[in-house]
Amino acid sequence: MGSSRVAWAATMVIVVVVVFIAFNLNHGIGYANGPACDDWYYFGIFEDYWNSVSVAPGMYQIIRYSAVLPWSYVAPHLSTVAFHDLKFWAHILLTSGLFTYAAIKLYGSRVGAITAILFSCSTLVLGSMSHDYVTGAGVLWASAAIAATLYGASRDNQLPGAFAVGAFYALCVYTHIPIILFIFAVPLLFFAVSKRSNPILSFVRFNIVGLVGFAVASLGLAAFSWVIGNNFYFYSPEIYAVFIAVKPGFYARPTPNNFEWFKTDTNIAFFVAAFGVSLVALARAIIFRDVDRRNLIPTLVYIPAAVMCFAWEFSGQVVLQQNVYAPWMYPVAFLACGAGLSQAPRLNIPTTVIITCLIAIALCVAATTIGVNIGAKVRYPVALAFIMFAALAIWRYSAVPLYASLAALVCLTFPTGYGALPWFIDGSNERRLYEIVSQARRFIVPNYKAGAAFWISGRVRDEFPSLPPVTIPRTFLECSAYPGAFPSVVRPTEAWDSSSTDLKTLSNSGKLTKGRRLFIIAPGDDIAAQASEALKDIGRTVRQIGEVKISDGFSVAAVDVAD
C-alpha cells in the first residue's frame with residue numbers, strides 16, 4: 251500500500267511538471283475552441299447560468315448539470331484567462347489523479363505509473379481538457395467510475411465504493427448519454443481486484459448498491475433542478491432526443507468513406523493498437539493458460555466498447571469521427587495499452603526511471619510542438635510495432651521496444667477535430683481572442699435584447715484581426731446568419747467572409763424591423779456613427795445606445811433601428 255501511494259504521488263508530480271511546461275510553452279492548451287461556432291463550448295463558459303437560460307431557454311446544455319456545474323456560476327466572477335486556466339487545471343488534475351490510481355491498482359507501481367503518464371500528458375487528453383466542458387467532464391467522470399470500481403471491489407467493505415460507482419455513472423449519463431457506449435463494460439473491472447470467495451454474488455451485490463448510488467445522484471440533480479426553478483424531470487428532453495438521434499441519417503458522417511476516415515482520423519491508429527494488444531493478451535491467456543486477471547479484465551472492458559463504437563460508426567452514425575465523442579474512449583483504451591505493457595518482463599528500477607524520464611521529455615516535446623503533420627503511413631506502422639512487441643512479450647528483451655513503440659505512438663498522435671487547435675496554429679493568439687471576446691460580452695450582455703442582431707466587419711477568417719468579430723456573435727449561438735462587410739451594407743466580392751450575408755439583404759428580407767437592437771463589432775472608433783451613416787443608404791435610421799473600446803483596436807456598439 252505504501253509503495254502504491256509513493257508511486258501515485260511521484261506520478262502526479264511528473265504529470266504536473268510535464269503539463270505545466272506544455273501549458274506555458276503552448277498557449278493554445280486550455281484554449282482550443284477558437285472561433286468555431288460550438289454551442290457545446292460557449293454555453294456556461296462565457297456567460298452565467300441564468301443568462302444562458304434567458305438567451306436560449308430550450309437548449310439541452312442547460313440541463314447538463316454534471317458538466318456545467320460549477321463552471322457556469324464561477325465564470326462571471328473571474329477574468330476569462332483565470333477562469334479557463336482554472337477549468338483546465340481542475341479537469342486535468344482530477345482526471346489524472348483518478349486514472350493514475352486505477353492504473354497503479356491494476357498494473358503496479360511501474361507499469362501503472364508509465365501508463366498514467368502516457369494518458370495524462372498525451373495531446374489527446376490535453377486537447378479534450380482544452381475544449382468544451384462536456385468532453386472534459388465526460389473523461390473525468392469516466393475515469394472516476396473506473397477508479398471507484400477498483401477501489402470498492404478491492405475493499406473489505408465494498409458498499410461505499412459501489413455507491414460511489416453508481417453516482418459516477420449517473421454523472422456520466424447526465425453529462426451526455428453516449429458516454430455509456432464507452433464505459434458500459436467497466437463493471438467487469440470488479441473481477442480484476444476482488445478477492446471475495448464468491449465473486450459472482452459479490453458482483454451482483456456491488457452493482458445493486460451501485461444502482462442505489464445512481465438513483466440517489468439522479469434525485470440529487472433533479473432536486474437541484476427543481477430548486478433553481480427548472481423541471482424536476484430535467485433529463486426527459488434528452489432521453490427523448492436519443493430516440494430521434496439514433497435514427498439513420500440524423501447526424502451525417504462528415505467522412506462517409508471509411509478508408510479516408512481511417513487515414514485522416516489520428517485516433518484510429520491508437521484505438522487499433524489498443525484493440526490489437528487486447529487480442530494479444532487474450533491469446534496469451536488461452537495459449538499459455540497464464541491468466542492474470544489484472545491484465546486480462548481491462549482488455550475485456552475495452553474490446554466490447556471498441557466493437558460497439560466502430561459498429562455504430564460503420565452503420566452510418568457518428569460516434570468517433572471529428573473527435574466529438576471519441577475522447578470518452580481514452581480511459582479504457584489507455585488501460586488496454588497498459589495491459590499490453592504488462593505482458594513484457596518486469597523492468598528493474600533504474601530502467602523504469604530512465605524510461606519514465608525519456609517518456610516525460612518526449613510527451614513534453616510533443617505537447618509543445620505546433621504545426622506537425624504526422625500521416626497515416628507513420629502512425630499505423632508504429633501501432634503495428636506496438637502490437638508486435640506485445641506479441642513477443644515472452645522475449646527477454648521485449649520490454650524496452652514495447653514501451654518505446656507505445657510512447658512513440660502516443661507522442662505522434664495529435665488530436666483531429668475537437669481539441670486539435672493548440673497543435674495546428676500558433677496558440678499565442680488564442681488567449682487574446684478569449685480576452686477580446688470576454689470584453690465585448692461585458693458590454694453586450696447587459697444591453698442584450700431578445701432578437702438582437704449582429705453586424706460585423708467580416709474579413710476573411712484566416713487572419714487574426716478578423717477572428718473577434720466572427721467569434722463574438724457565436725457566443726450567442728449566432729453562427730453565420732449575421733451580416734458582415736461593415737461598414738458597407740453590401741458585401742464586397744473580395745477578401746470577405748462568404749458565409750455571412752450583408753445588411754441590405756437582411757433589411758430586404760424584413761428582418762431589420764423597427765426597435766430591433768443591432769450590435770456592431772469592428773476595428774476602429776465611432777463605429778456607431780459609421781453605422782448610422784451607412785444605414786441611411788438603405789433608408790434606415792438608428793438610435794445610438796452606446797459604444798465601448800476593447801483590446802487590439804476593436805470597438806463594440808449598440809444601436810436600435812428607429813424606422
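Counting from 251, one number per residue, gives the positions in the sequence shown under the working numbering. Every residue, glycine too, gets a C-beta built ideally from N, C-alpha and C. In this text, all values refer to a predicted model and were calculated from it rather than measured experimentally.
| Check | Outcome |
| --- | --- |
| Counted within 10 angstroms of its Cβ, other Cβ atoms place M262 as buried (16 or more) or exposed | buried |
| Residues that W673 bridges to, as DSSP identifies them | Paired residues: none, contrary to the question. |
| Contacts around P449, its chain only, beta-carbon distance under 7 Å, and the 5 residues preceding and following it disregarded | F441 |
| Inter-residue spacing [alpha-carbon to alpha-carbon] between A576 and I547 | 21 Å |
| Residue of D810, S782, G803, C559 minimising C-alpha distance to K764 | D810 |
| Opposing strand residues paired with Q794 [DSSP bridges] | V809 |
| Cut-off 6 Å between Cβ atoms - residues of its own chain near S404, not counting five sequence neighbours on either side | V443 |
| Bridge partners - W705, DSSP secondary structure assignment | I770 |
| Start and end residues, alpha helix (DSSP H) containing F418 | 409 to 425 |
| Those runs of the alpha helix (DSSP H) which lie wholly inside the segment 316 to 384 and span at least 4 residues | 321 to 324, 330 to 371, 373 to 380 |
| F804 to G774 span [Cα, whole Å] | 6 Å |
| As assigned by DSSP and simplified to three states, the class of P581 | helix |
| Cβ-Cβ separation, A398 to G388 (assumed contact under 8 Å), whole Å | Between A398 and G388 the Cβ distance is about 16 Å, and since that is not below 8 Å, they are no contact. |
| Option nearest L613 by Cα separation, candidates L368, L356, W321, Y351 | L368 |
| Anticipated Cβ contact below 8 Å, W705 with A781, distance rounded | 7 Å |
| Whole-angstrom distance between D542 and F273, CA atom to CA atom | 38 Å |
| Span separating the alpha-carbon of A392 from that of K497 | 26 Å |
| Bridge-paired residues (DSSP) for P733 | T751 |
| Option in S380, I489, V265, G402 with minimal Cα separation from R455 | G402 |
| Coarse secondary structure for F474, derived from DSSP in three states | helix |
| Classification of V687 by the beta-carbon crowding that lies within 10 angstroms, buried from 16 upward | buried |
| Straight-line gap, S592 to I800 (C-alpha atoms, nearest Å) | 55 Å |
| Where F270 falls, given that 16 or more other Cβ within 10 Å makes a residue buried | exposed |
| Exposure label - G625; buried when at least 16 CB within 10 Å | exposed |
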